[in-house]
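A short write-up of the structure that comes next.
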Amino acid sequence: MAIDVCISHVFKHPVELIVTTHLNKYPNEKEKMVRSVETVEQSIDDSTGVVYLKRIATCANIFPSILRQFRVMQISDILLEEEAWIDHNQRMMKIRSRNITWSNYAKGWEESVFKPHKHNCDWTMIEQKGGVNFCSLGPFSKILEVFTRGFVERAVKKSLRVMDELLEEKVKGQ
């Protein structure tokens, strides 16, 4: 079973502000599910100047207590890996994320591209796609799919709202 999401959104701020805000947005009071983000690898391609970051996010377990009755679900933290490529020359950032926790049971992924909007180079367009594929969990897969579908839809909306709020705070604080 699979869940797929595809969104596009315009931030009325330049790419550079969006990149900085994205890389520093967690943890924050607006989104308490993300407990920490640690950069575990960083490099710069000498020929292109592209910055590469690999980060690990520690998030609270989002599954309700009824699902935590299953032993595999009885953990407090979920780990996610995020890889980012920041191309300052092209004014673009590409991100690829995946779940580390429960990867034997579900493959969650997300790919995002932040780039200048084609009609206003001072705005940023984000195009994001992602999904979750559940691996042979029998009838439990359907339960997880129903819960995860609702969670993903709410999380995408909340993530965009939090980003917009953080951006407004930064602009007001300048």
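According to the numbering used here, the sequence shown holds residues 5 to 178 in order. Think of the CB as a built atom: it goes at the ideal place given N, C-alpha and C, for glycine as much as any other residue.
Pick out whichever of Glu45, Leu164 and Ile147 has its Cα sitting closest to the Cα of Thr128. Leu164
Compute the Euclidean distance between the alpha carbons of Trp257 and Gly135, then round it to the nearest angstrom. Past the boundaries of the shown model lies residue 257; the chain is included only from 5 to 178, so the question cannot be answered.
How should Thr152 be labelled, buried or exposed, when 16 other C-beta atoms within 10 angstroms of its C-beta is the threshold for buried? Counting other Cβ atoms within 10 Å of its Cβ, Thr152 reaches 16 or more and is therefore classed as buried.
So within the segment 74-160, which uninterrupted beta strand (DSSP E) runs reach at least 3 residues, ignoring any that extend past its ends? Runs of the beta strand (DSSP E) inside the segment 74-160: 81-91, 96-103, 110-120 and 128-138.
Short Cβ contact (8 Å threshold) for Ile66 with Glu86: no
For the beta strand (DSSP E) that contains Thr62, what are its first and last residues? Val55 to Ala64
Just mark Glu114 as buried or exposed, buried being the case when its beta carbon has 16 or more other beta carbons within 10 Å. buried
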